[in-house]
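One line per chain: the protein sequences are A and B, in this order.
Counting along the first sequence from 1, when you hit position 109 you're at 114 in the working numbering, and nothing is skipped either side.
Counting along the second sequence from 1, when you hit position 541 you're at 546 in the working numbering, and nothing is skipped either side.
Here the structure is laid out as C-alpha cells; the discussion comes afterwards.
There are 2 protein chains.
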Amino acid sequence: MFNYFFWVIPFASILALIFAYVFFKQIMRESEGNERMVKIAGHVRKGAMAYLKQQYKVVGLVFIGLTILFTIMAIFKVQNGWVPFAFLTGGFFSGLAGFFGMKTATYASARTTNAARKSLNNGLRVAFRSGAVMGLVVVGLALLDISIWFLVLHFFIKEADITHKMVIITTTMLTFGMGASTQALFARVGGGIFTKAADVGADLVGKVEAGIPEDDPRNPATIADNVGDNVGDVAGMGADLYESYAGSILATAALGAAAFLSQGAAIQLKGVLAPMLIAATGTILSIIGIFAVRTKEDATQKELLRALGRGINLSSILIVIFSLGALLWLGLPNPWGIWLSIVSGLVTGIIIGKSTEYYTSEAYKPTRSIAESAKTGPATVIISGLGTGMLSTAIPVLTIVLGTILAFMFAAGWDLQNISMGLYGIGIAAVGMLSTLGITLATDAYGPIADNAGGNAEMSGLGEEVRRRTDALDSLGNTTAATGKGFAIGSAALTGLALLASYIEEIKVGLIRIGHTTLQLAGGSVPTSHATLNNFMEYYHVNLMNPKVLMGMFIGSMMAFMFCGLTMTAVGRAASKMVDEVRRQFREIKGILEGKADPDYASCVEISTRGAQHEMMLPSFLAIIAPIVMGLLFGVAGVMGLLVGALSTGFVLAIFMANSGGAWDNAKKYIESGVLGGKGSTAHKAAVIGDTVGDPFKDTAGPSLNILIKLMSMVSIVMAGLTVLYSLL
Amino acid sequence: MFNYFFWVIPFASILALIFAYVFFKQIMRESEGNERMVKIAGHVRKGAMAYLKQQYKVVGLVFIGLTILFTIMAIFKVQNGWVPFAFLTGGFFSGLAGFFGMKTATYASARTTNAARKSLNNGLRVAFRSGAVMGLVVVGLALLDISIWFLVLHFFIKEADITHKMVIITTTMLTFGMGASTQALFARVGGGIFTKAADVGADLVGKVEAGIPEDDPRNPATIADNVGDNVGDVAGMGADLYESYAGSILATAALGAAAFLSQGAAIQLKGVLAPMLIAATGTILSIIGIFAVRTKEDATQKELLRALGRGINLSSILIVIFSLGALLWLGLPNPWGIWLSIVSGLVTGIIIGKSTEYYTSEAYKPTRSIAESAKTGPATVIISGLGTGMLSTAIPVLTIVLGTILAFMFAAGWDLQNISMGLYGIGIAAVGMLSTLGITLATDAYGPIADNAGGNAEMSGLGEEVRRRTDALDSLGNTTAATGKGFAIGSAALTGLALLASYIEEIKVGLIRIGHTTLQLAGGSVPTSHATLNNFMEYYHVNLMNPKVLMGMFIGSMMAFMFCGLTMTAVGRAASKMVDEVRRQFREIKGILEGKADPDYASCVEISTRGAQHEMMLPSFLAIIAPIVMGLLFGVAGVMGLLVGALSTGFVLAIFMANSGGAWDNAKKYIESGVLGGKGSTAHKAAVIGDTVGDPFKDTAGPSLNILIKLMSMVSIVMAGLTVLYSLL
C-alpha cells in the first residue's frame, strides 16, 4: 500500500486499546470493599450511567437531524457524499470513548478507596490505571477512526490528479471532527451543568445551611455531586480532548496536503502522514510513561506527585527525541524546522500549565492574597478573585503568541510570507502538544476518580487513616486538574488556529466542486486548485477594513460571552432546583439529619440530569447555528471574522474563568488548612462563597469555551459549501 | 475665507460656552443653605479640588514627557511638527472642561439640597442646569479647539496640492485627540479608582461592620465617597465623552478628506466640514433641549423622568431633521445616504441605552431575577449577576453590528466595496450619536450632583421630606446614568472603528513624508497618495491568515482583560487601605460612633487620592506602551490586529461589566424597596455583597475600557510614523 509509515498509526491505535483493556481487567480484579462501599459506588455508577444514557439519547436525536441535513447537502452537491458517514463515526467513536472511560471510572472509585485501605501507593495505582484506561481509549479510538477513514477514502475516492485527491481525502476527513465536536459540546456543556448544579446545590444547603461536611451521606445531593465528577470531569473532559486530538491531527493533515501540494504526491503524502505519525509515536510513549508511574509502598504525598510527574516528564522528553527521529525517518523536507515547531507546541503547553499552577495553587502569592482578602468578607474575595483571574491571562496569551509565531517561523523557514508552511507548523505544534495525550489525560481522569474515592470513604464511614490517604490522592488530583485545564485550553487555541486555516482549504475544495476553477484577482487570474491562502484572503477581502470581517469579530466576541452567560445562568437555575429538593427532603424525610433515614439520592440525580439536558440545548443550538447564519449573511469574510473573534476572546475568557475558579477553590482550601482563622472563621465563610462562585467558572463555563472555539470552526468547515454557494452579501 | 459653512462651528462653540456661563451664574445666585450644609459642601469641594490638583500634577508630568517625545519625533521627521502643540491643546482643553464641570458640580450639590427644601422641581432645575454646564463646556471647548486648529493649520501648512493639504490638516488634527485621550485615561482610571475605593471602603466598615446607614456623617469615608462621585462620575465621565466627541469628529474629518479626495478640493472640504457642522448643529439643539427640561412645582418622580426625557427626545428629533437640512445646505454628494448613516448612529445609541435600562432597571425581569437569587445567598447573587451581565451583551453587540453595517452601506451607496465612503459613514454615525452630547452629558452629570445633594441632606440632618425629594432626584440619576453608560460605550465602539480606519490615513501620510511615494502591489504599482484602503490592506497583509494580525488580536483581547484586572485589583487594594483607616478612626477617636466627635474626613480623602494616583500608573502605562511595542515588533498588521482585538473584546467586556454592576446595584435597591424581606433580611445582605462587587465593575473597570479602546488607537495614530519606519517583522 501507499506507504509503510502509515501502518504505524493503526498499530499504535490497537496497542493503546489493548493496554486499555489490560488495565481495565487489572482494576476489575481488585475488590470493591465492604457492602456499604459497594452500595455507594453502585448508586454513583447507576446515576452516571443513567445520565449518560439520557445524554446519548438527546445527542442521538441531534445527530440524526444533522445527518439528514448533511445527506441533503450531499445530494445537492453542497458537500461531498462521505460527510454524513464521517460525521457519524466521529460522534460514535467519541461517545464510545466517553462510555468506556466513565464506566471504568465508576468501577474504579470504590476499588481505589479499598486499595487505599492497604497503602497510598495501592490507591494511586488503581486510580491512575483507571485514568489511563480513559486516556488510552481516547487516543486509541481517535487513531483507529483516522486510520480506517484514511484507508477507505484512499480506496474509494476516484480522482486522477493524485495531489488533488489527497486534498479531497484530508478535507473530507476533517468533517469527521464535526461529529467529535458535536459530541464534545453536549458532553462538556451538559456534564458541566450537571456537576455544578449538584455541587453548588449540595454545598448551599448542606455546608452552609445545615452545617454538615462535604460528602456527608445525610446530604441527598451528595451522590449527584459524585456522579457529576464522573459525567463532567471524566466523560466531559475526555470528549473535549478527543476532539482537540482528532481535530488537530486532521486539520494539520489538511494543511499538509495544501502546503506540500506543489512538491509532488510522494512528499505531499509525507506531509499528511507526519501529524498522524507524531500522534502514533506519542501514544506508544504514553504507554511507557504510564508504566513509569509507581512509587514505594509508604510514599508521601510529595512522592506521589513526583511519581505522576515522572510519567509525564518521561513521555515528554521521549516525544522530543522520537518525533525528530520520526520526521527524519519519514524524510519530510525541513525536518528540523518542523521538529522545532513541535517542540514549540510542547513548551507552550508546559508553560501554560505552569502558569495555571502559579495562579491557582495555594503555594503562591495570587491565591494567598485572595485568601487574605477573605478577611474583609465575600465582596473583596470576589473582587480580588475576578481581578486576579483577569491578570492571569497575560502569561498564557503571551506564551501562545510566542509559541505560535515560533511554530510558524520554524516551519516556514523564517519567511513570514511562506504562509501555508507556517500554518502547517502551527498545526503540528498543536499535534505535538497533544501527542502524549494518552498519559496527560490519564492524570486528568485520575482526579475525579480520587475525588470519588474520597467521597466513598466519607460516606462509608471508613477510618481516619483511609480518609487521610484518599484526601492525599484527591489533593494531588486538584493540582493535575489545574494543569490539565490549562493544557485543554492551550490545545483548543492552537487547534482553533489550525482549523481556521483549514477552513480555507475546505472553501477551496467547495469552489472546485461547484466548478469555480479560477479566481479573478488584481494581479491576474489564478487556478482555484493552486491558489494560495493569500489569494483567498484577497479574493474574499478577508482584511480588517472589511466591515463583514469586523462585524463578524464583534459577534464572535459576543458569542463567547453569551455562551458563558448561558451556562452560568443554567447552573444557577439548576442549582436552585437542587436546593429546593434538598430542603424538601430535609423537611419531609423524618430523621434524615440524624442519619436514621436514607435520603432519596435518585431524585437529586434526576434533577441534575433533567436540568443539564434541558439547559444545554440553547447554548448548543447557538454554537451550531451562529456560523451557519453568519456564512449565509456575510460569507467567507464574515465567518472568518466570527471564528477569529470567538477564538481570541474565548481563549482569554476561558483562562480567566478557569483560573479565577481554581484560585477561589484553593484559597478556600488554604484557609481550611488552618491559616487566617481556619475552618468556620469569617474568612472561611467568605472563601466558601468565592469557591461556590468559582464552581461554574472553572467547571462549566470556562471549559465549555474550549468546545465553542473548536465547534464553530468545525461547523464552518462542514458548511463551507453552503457559504460558497449561497452567501447573501 | 474657504467656506462660510465653517463659521457655524466657532459660533456654536461660543454659544455653548456663553450658555454654560449663564447657567453657572444662575446656580451661584442660589443659596447654599444652612451652616452645616455649607460646611459639608465645603469639605467635598475642597477634597475634590485637592484631588484634581494632584491628578493634574501627575498628568502634567506625563504630558511633559510625551511632548518631549513627540518633539524629538518631529525633529527626526517621524511625525510632523504640529503634533506636540496639537497634543498639548487637546489635553489642556479636556482638563479645563473637567475643571469647570467639576467645580460647578461641587458648588451645585448643597444648592440642589437647599432648592429641594422648597420643591422637587426647584431641586431638579438646579441639579440639571449645573449638569448642563458640564455638557456645554465639554462640547464648547472641543469645538473651539477644533475650529482654532483648523484655521491655524489652514493658514500655516504650505502644500501646493490642495487635496493633499487637506489630508495633512485632518490627519494632523487627529493627533490632538491623543491629548484628550491621555487626559481621559487618567481622569477615568484615577477617578474610577478613587470613587470606588472610597465607596467600597465606606460600605464595608460603615454599613456592614458598624451597621450605620449610607452617607452617615459618623463614617469618616463618607466625604471621600461624595468626593468620588465628583471626580469619577463628573470629571471622569466628562473627559471620556470629550474624547469620544472630539475623536469621532476628527476621525470622520480625516476619513472625509480621504473619501472625497478624488472629487476635487471643494467637495473634499465639504466632506471634512460635514462632521463638524453636524456637531455644531447638535450643540445648538442641545441648548434648546436643555430649556425644555422643566416640570411643574409639585411634580412626581415619574413627571421628573418625563421632563428629562422630553429634553433629550426634543434634541434627538430636531437633530434628525436639522442634520438633513445641514447636509442639503452643505451640498455634499449623497446627502440622503449620509443622513441615513447619521440616523443609524442615533438609533444605535438609543437602542443600546434602552437595552442597558432593560438589563439594569429593577422594573424588568433580569434585575428582579438577580434579586430573587439573593434568597439563596451571596454566591447565587454573584453567579446570576455575572451570567445576566454576559447575556446582556447580545443586544448591544447585534445593534452595533447592524447599525454599523447600515451606516456603512447607506454612505457607500449600498456598495460593499466602496470602503472609504462606507467608513466615512461609520464615522459620521458616531458623530450623529454624539451630536447632542451637550444635553446627554448634562443628564449624566446631573446624577452625581443629585447623589451628592442626597448625601448633603443626610449629613446635615435635614428633614424626612427633603431627604425623600433628594432620593427621588438621585434615583432618577441612576436611570440616566445607566443610559449614559450604554451611550458612552456605544460611542466608544463607533469612534474606535472610525479611528481604526483613520489609522491607515495616518500611515499613508507617514509613508509620503518619508518619501515612499508608490506601493508595489500584485496588480501593479499605485501612488501612495491615491492608494485605497484595500491597497494598504494588501500591501501590509492585514488579513486573517497573517500570524501578525492574529497574534495582535490575541494580545488586544488580553489587554482588555488585563486592564480590567489591574483596575479591579487596584480598587481592592485601595479599598482595603480605606477599611483599615476607618477601623482605626472608629477605634481611636473616642465618641465618633455616638456622634460626639468629628471623624477625620481629610485623611480618607487623602488615602483615596494617593491610592488612585499610585494605582493608575501601571494600567495607563500599559495602554500607552502596548501599541508602540506592537508597532515596532509586528508593524502595521500587528497594530491593526491589536486594535481590533482590544476593540471587539473591550466593547463586549465593557458592556458585561457595566450591566452586571448596574443590575446588582438596582437588585439591592429593589430589595430595599421592601420585597423579598426588605432591608436587613438575608436576601438584602446578599444583595449588598453583589452591589459591592458591582461597584468597581460599573464605575472603574467597565468605563476605563472605553478609554482603552480609543487611547490605543490614538497612540497608534500618533506613532504611525515610527511604525512605518522602524517595524521589525
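Glycine included, C-beta positions come from ideal geometry on N, C-alpha and C.
Predicted model only: the values in this text are computed from it and were never measured.
Can you tell which of the options has its C-alpha closest to the C-alpha of residue i?
i: leucine 310 of chain B; options: B/Val143, B/Thr485, B/Ser465 and B/Leu148; result: B/Thr485
i: glycine 128 of chain B; options: B/Arg474, B/Gly482, B/Thr537 and B/Asp605; result: B/Arg474
i: leucine 335 of chain B; options: B/Leu623, B/Ile283, B/Phe541 and B/Val348; result: B/Ile283
i: threonine 288 of chain A; options: A/Leu323, A/Ile77 and A/Leu638; result: A/Leu323
i: phenylalanine 161 of chain B; options: B/Arg50, B/Ile32, B/Val720 and B/Trp87; result: B/Trp87
i: valine 13 of chain B; options: B/Ala672, B/Glu510 and B/Thr286; result: B/Thr286
i: glycine 140 of chain A; options: A/Lys108, A/Ser152, A/Ala102 and A/Ile151; result: A/Ala102
i: isoleucine 714 of chain B; options: B/Lys62, B/Met183, B/Lys82 and B/Gln31; result: B/Met183
i: serine 152 of chain B; options: B/Ala53, B/Ala91, B/Ala132 and B/Val232; result: B/Ala91
i: proline 340 of chain A; options: A/Ser709, A/Leu396 and A/Phe415; result: A/Phe415
i: valine 67 of chain B; options: B/Ala691, B/Leu623, B/Thr353 and B/Tyr247; result: B/Leu623
i: phenylalanine 81 of chain B; options: B/Arg518, B/Ile317, B/Leu652 and B/Pro604; result: B/Arg518
i: alanine 663 of chain A; options: A/Phe11, A/Ala497 and A/Ala487; result: A/Ala487
By Cβ distance below 6 Å, which residues in the same chain neighbour residue i in space, the five residues on each side in sequence not counted?
i: aspartate 238 of chain A; result: Pro453
i: valine 43 of chain A; result: Glu37
i: leucine 716 of chain B; result: Ser186, Leu190 and Ala628
i: glutamine 234 of chain A; result: The residue asked about is misnamed: residue 234 of chain A is aspartate in this sequence, not glutamine. Excluding positions up to five away in sequence, the list reads Pro453, Asp456 and Asn457.
i: methionine 645 of chain A; result: Val547
i: serine 530 of chain B; result: Thr523
So which residues on chain A does residue i lean against when the C-beta distance must stay under 8 Å?
i: alanine 202 of chain B; result: Neighbours of alanine 202 of chain B on chain A: none; closest Cβ ~11 Å, over 8 Å.
i: cysteine 609 of chain B; result: Per Cβ cutoff of 8 Å: no residues; cysteine 609 of chain B is ~16 Å from chain A at best.
i: proline 225 of chain B; result: The contacting residues do not exist; proline 225 of chain B stays about 17 Å from chain A at best.
i: glycine 382 of chain B; result: Leu209, Val213 and Ile694
Give the interface partners of residue i over in chain A, defined as CB-CB distance under 7 Å, in chain order.
i: phenylalanine 566 of chain B; result: Met395, Thr398, Val657 and Phe661
With C-beta atoms as the reference, is residue i less than 7 Å away from residue j?
i: leucine 499 of chain B; j: alanine 434 of chain B; result: yes
i: isoleucine 494 of chain B; j: asparagine 711 of chain B; result: yes
i: phenylalanine 24 of chain A; j: isoleucine 292 of chain A; result: yes
i: alanine 417 of chain A; j: isoleucine 431 of chain A; result: no
i: glycine 392 of chain B; j: threonine 574 of chain A; result: yes
i: glycine 666 of chain A; j: valine 83 of chain A; result: no
Does the beta-carbon of residue i have 16 or more other beta-carbons within 10 angstroms, so that it is buried, or is it exposed?
i: histidine 521 of chain B; result: exposed
i: glutamate 469 of chain B; result: exposed
i: threonine 305 of chain A; result: exposed
i: proline 371 of chain B; result: buried
i: proline 225 of chain A; result: buried
i: glutamate 511 of chain B; result: buried
Once the 5 residues before and after residue i are set aside, which same chain residues still bring their CB inside 7 Å of it?
i: methionine 6 of chain A; result: Model confidence at methionine 6 of chain A stands at a pLDDT of 44, short of 50, so the residue's coordinates are unreliable; what they give is reported in the following sentence. Same-chain partners within the cutoff: there are none.
i: lysine 684 of chain B; result: Glu677
i: leucine 516 of chain B; result: Thr533 and Val729
Skipping 5 residues on each side, what residues in its chain have a beta carbon closer than 8 Å to that of residue i?
i: leucine 57 of chain A; result: Gly103, Phe104, Met107, Val236 and Ala240
i: glycine 695 of chain B; result: Ile375, Ala379, Pro383, Val386, Ile387, Gly390, Trp669, Ala672 and Lys673
In chain B, which residues lie with their C-beta within 7 Å of the C-beta of residue i?
i: proline 552 of chain A; result: Thr409, Ile410, Phe413 and Gly427
i: proline 701 of chain A; result: Ile388
i: glycine 528 of chain A; result: Ala527 and Gly528
Kindly list, in the order they appear in chain B, the residues whose Cβ is closer than 9 Å to that of residue i.
i: glutamate 677 of chain A; result: Those do not exist, as glutamate 677 of chain A stays about 17 Å from chain B at its closest Cβ, beyond 9 Å.
Show which residues of chain B have a CB atom less than 8 Å away from the CB atom of residue i.
i: isoleucine 560 of chain A; result: Val402, Leu403 and Val406
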